[in-house]
Amino acid sequence: MAQTSSLAEEKTSSLAFSSRTITLRVAKFNPKTDHEKKWIDFQIPYQKWTTVLDAILEAKKYLDHSIAVRYSCRQATCGSCGMIINGRPRLACFTKISELNSDVVTVEPMKNFPIIRDLTVSFDRLFKTHNSLKPFIIREDSDIPEKASELLQTPEELEKYIQFANCIKCGLCNSACPTMATDSSFIGPQALAQAYRYIADNRDKGKDDRLKIIDDSHGIWRCHFAGSCSQVCPKGVDPAMGIQLLRGYLLGFRS
Amino acid sequence: MKIHYGTALAAVALVAVHILFRLTQGFAESLQYESVIANYQFLPYAGMLEIILILLSIHGFNGLRTILIELKQGHSYEKAVTYGCIAAMAAVILYGSRTIFMTSVGMI
Amino acid sequence: MATVDENKEGIKGMANPLRYGIERVAYWLMRLTGLGLLAYFVAHIYETSMILKGKAGWDEFLTLTQTTEGHIILALVIGMCVFHTVNGIRVMLGHGGIGVGTPGRADYPYIPRSQNYRHKITIYSAIVLAAIAMMYGLAVMFGE
Chain A
24 MAQTSSLAEE
34 KTSSLAFSSR
44 TITLRVAKFN
54 PKTDHEKKWI
64 DFQIPYQKWT
74 TVLDAILEAK
84 KYLDHSIAVR
94 YSCRQATCGS
104 CGMIINGRPR
114 LACFTKISEL
124 NSDVVTVEPM
134 KNFPIIRDLT
144 VSFDRLFKTH
154 NSLKPFIIRE
164 DSDIPEKASE
174 LLQTPEELEK
184 YIQFANCIKC
194 GLCNSACPTM
204 ATDSSFIGPQ
214 ALAQAYRYIA
224 DNRDKGKDDR
234 LKIIDDSHGI
244 WRCHFAGSCS
254 QVCPKGVDPA
264 MGIQLLRGYL
274 LGFRS
Chain B
6 MKIHYGTALA
16 AVALVAVHIL
26 FRLTQGFAES
36 LQYESVIANY
46 QFLPYAGMLE
56 IILILLSIHG
66 FNGLRTILIE
76 LKQGHSYEKA
86 VTYGCIAAMA
96 AVILYGSRTI
106 FMTSVGMI
Chain C
265 MATVDENKEG
275 IKGMANPLRY
285 GIERVAYWLM
295 RLTGLGLLAY
305 FVAHIYETSM
315 ILKGKAGWDE
325 FLTLTQTTEG
335 HIILALVIGM
345 CVFHTVNGIR
355 VMLGHGGIGV
365 GTPGRADYPY
375 IPRSQNYRHK
385 ITIYSAIVLA
395 AIAMMYGLAV
405 MFGE
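Residue numbers (the numbering used here), protein chains in the order written: chain A, 24 to 278; chain B, 6 to 113; chain C, 265 to 408.
Listed below in structure tokens is the structure:
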């Protein structure tokens, strides 16, 4: 049964003057001590501009200091605050309560990531798969000689990959992916999109290395273009597009 | 994956012909015993059925294999699923081929 | 070595068609129709082998399949076949990079170019065509 707390009258809050409140339902779970997750409800006042992260921090500040939540920039740049909000992976700092059109806002940790505690998940697997795709420019002449100048790139060449470079490694795509829901060995849409980012970059010469890595039974072939990764990406990276374009190299449509 | 796409495209074309045979002949009439025998004994049609059998077995069991290896991972499990699907594919092809061959040569 | 609970959604998450738009519904329907068609295919191979039992055996089996329930199942198979084919062609073209849009600088509200109207229209068309094919099939089967 969910426990309910509300702001005590003597405490002050930046949101306390609003007449509108929502029920913030937080999943509390400590894998070291708990057998299953508990839902705790908090009555949080909100304004038109209040984000879910604001609401969680209000609850943490005044009602339950033990809520574990990861956050940093509060402006959808760092990718720290990814969580499931009303059933869909979103960034808490980028989601306004007023947008959700619901009296109850349910927050739980991202799926397909091991839970550290409450809303905080481990990113070890995401970092491992990301690193496995060699996320750096590979060139034979990487030792910079004397009198070297910058590697030139036209605006058209930049446009080919810049959207994929916007990835903030928030993990929402991996959380939404239906293959990640069941396949522990799948590389994931984030890593595959980053593989395309480097292959599409004309400065990079590591295409064959990366194609060899993703040409695996649990690599690119486990993507079935469900598109959920692109639906949830907060930065417009559109991993689904990158993965289908990447597949063209392996199927022989692109060289 | 190319096998999956290739078998799909080829099967679409041939299954369309197979269905048209049922519709142009009249659905109920086309299912009468004599009509079915006549279809099997028309060798190009029997050949087409054999090709459809092979294409759809490969496409269908490869699809099942894809779903199963996404549900659970592990070297021995994946090997078992792969060989199991190949075995099922072979069994269906053999069983269907037996029907086509025996009927088309009149061994009923 | 201790296993880590990966907090995977599992089959429930893979099979849930909601929350992410029509493309996720299409993914789910593609799997469902694929499995349904495979089951029908195996049953059809068995059904057609009844011809080897001669006219009596064949007619006996027809009394099982040429029933109202048999016709409804066949109509469902027709629908599944049409959807799986049309959506399969869409997915195949998408896999080849066709219709997924071209990369470009992303800007707020960050609408993904690959989830465009072409794919949505094709998915809805696949559903509509499947429904029309089912209705035609029912008309043919029950009309006789």
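We put the beta carbon where it would ideally sit given N, CA and C, even for glycine.
DSSP beta-bridge partners for residue i?
| i | result |
| --- | --- |
| R113 (chain A) | A:M106 |
| T129 (chain A) | A:R48 |
| R140 (chain A) | A:T143 |
| T74 (chain A) | A:K119 |
Please classify residue i: does DSSP put it in a helix, a strand, or coil?
| i | result |
| --- | --- |
| W62 (chain A) | strand |
| P257 (chain A) | coil |
| M265 (chain C) | Here the model assigns M265 (chain C) a pLDDT of 42, short of 50, so the residue's position is not dependable, and the following value carries that caveat. Correct three-state label for M265 (chain C): coil. |
| P49 (chain B) | helix |
| I185 (chain A) | coil |
| N280 (chain C) | coil |
| G275 (chain A) | coil |
| E273 (chain C) | coil |
| P68 (chain A) | strand |
| R103 (chain B) | helix |
| C96 (chain A) | coil |
| F209 (chain A) | coil |
| H23 (chain B) | helix |
| S109 (chain B) | helix |
| D231 (chain A) | helix |
| E33 (chain A) | Here the model assigns E33 (chain A) a pLDDT of 42, short of 50, so the residue's position is not dependable, and the following value carries that caveat. In the structure shown, E33 (chain A) sits in coil (DSSP, three-state: anything other than H, G, I, E or B). |
| G401 (chain C) | helix |
| I56 (chain A) | For the sequence presented, residue 56 (chain A) should be read as Thr rather than Ile. Note: T56 (chain A) maps to coil in three-state DSSP. |
| E163 (chain A) | coil |
| Y388 (chain C) | helix |
| G300 (chain C) | helix |
| H88 (chain A) | coil |
Please determine, among the options, the residue with the shortest C-alpha to C-alpha distance to residue i.
| i | options | result |
| --- | --- | --- |
| M14 (chain A) | A:S121, A:R162, A:R97 and A:R113 | Outside the modelled stretch of chain A, which goes from 24 to 278, sits residue 14 (chain A), for which no answer is possible. |
| P257 (chain A) | A:F187, A:G275 and A:D87 | A:F187 |
| W244 (chain A) | C:L282, C:I353, C:K272 and C:G360 | C:G360 |
| A216 (chain A) | C:S378, C:M405, C:Y400 and C:A397 | C:S378 |
| L60 (chain B) | B:T12, B:K7, B:F47 and B:I8 | B:T12 |
| H241 (chain A) | B:L73, B:I98, B:H9 and B:A96 | B:L73 |
| V128 (chain A) | A:I67, A:R93, A:L86 and A:P262 | A:I67 |
| L234 (chain A) | A:R277, A:N197 and A:L195 | A:R277 |
| N197 (chain A) | A:E173, A:D147 and A:P178 | A:D147 |
| K71 (chain A) | A:C246, A:D57, A:I45 and A:F52 | A:I45 |
| F159 (chain A) | A:N135, A:Y221, A:I185 and A:G194 | A:Y221 |
| P212 (chain A) | A:L123, A:L174, A:S253 and A:S125 | A:S253 |
| E179 (chain A) | C:Y381, C:G368, C:K272 and C:A394 | C:G368 |
| H153 (chain A) | A:A223, A:G259, A:I210 and A:R48 | A:I210 |
| S62 (chain B) | B:V97, B:E39, B:I113 and B:K77 | B:V97 |
| E55 (chain B) | B:V110, B:I91 and B:T104 | B:T104 |
| P54 (chain A) | A:N135, A:D261 and A:I139 | A:I139 |
| D57 (chain A) | A:D77, A:D141, A:R226 and A:L195 | A:D141 |
| S313 (chain C) | B:E83, B:Y100 and B:K7 | B:Y100 |
| I8 (chain B) | B:T71, B:L25 and B:G79 | B:T71 |
Quick check: residue i and residue j, are their CB atoms within less than 8 angstroms of each other?
| i | j | result |
| --- | --- | --- |
| R162 (chain A) | K228 (chain A) | yes |
| A218 (chain A) | L274 (chain A) | no |
| S103 (chain A) | E270 (chain C) | no |
| V75 (chain A) | I108 (chain A) | yes |
| R111 (chain A) | V255 (chain A) | yes |
| H335 (chain C) | L301 (chain C) | no |
| R43 (chain A) | Y69 (chain A) | yes |
| G358 (chain C) | P201 (chain A) | no |
| L402 (chain C) | L36 (chain B) | no |
| V130 (chain A) | A199 (chain A) | no |
| I63 (chain A) | I79 (chain A) | no |
| G271 (chain A) | A263 (chain A) | no |
| I57 (chain B) | V17 (chain B) | no |
| L393 (chain C) | V350 (chain C) | yes |
| I185 (chain A) | C101 (chain A) | no |
| G318 (chain C) | I113 (chain B) | yes |
| N225 (chain A) | Q176 (chain A) | yes |
| T108 (chain B) | L316 (chain C) | yes |
| G105 (chain A) | L195 (chain A) | yes |
| A204 (chain A) | N124 (chain A) | no |
Comparing the CB of residue i with every heavy atom of the ligand ATP, is any distance shorter than 7 angstroms?
| i | result |
| --- | --- |
| K276 (chain C) | With respect to the ligand ATP, the structure offers nothing, as it holds no ligand at all. |
So which residues of chain F does residue i contact, with C-beta pairs closer than 7 angstroms?
| i | result |
| --- | --- |
| K319 (chain C) | Looking at the structure shown, chain F is missing, and the protein chains on hand are A, B and C. |
Ordered list of alpha helix (DSSP H) runs contained in the segment 303 to 357 of chain C, each at least 4 residues: Whole alpha helix (DSSP H) segments, 4+ residues: 318 to 329.
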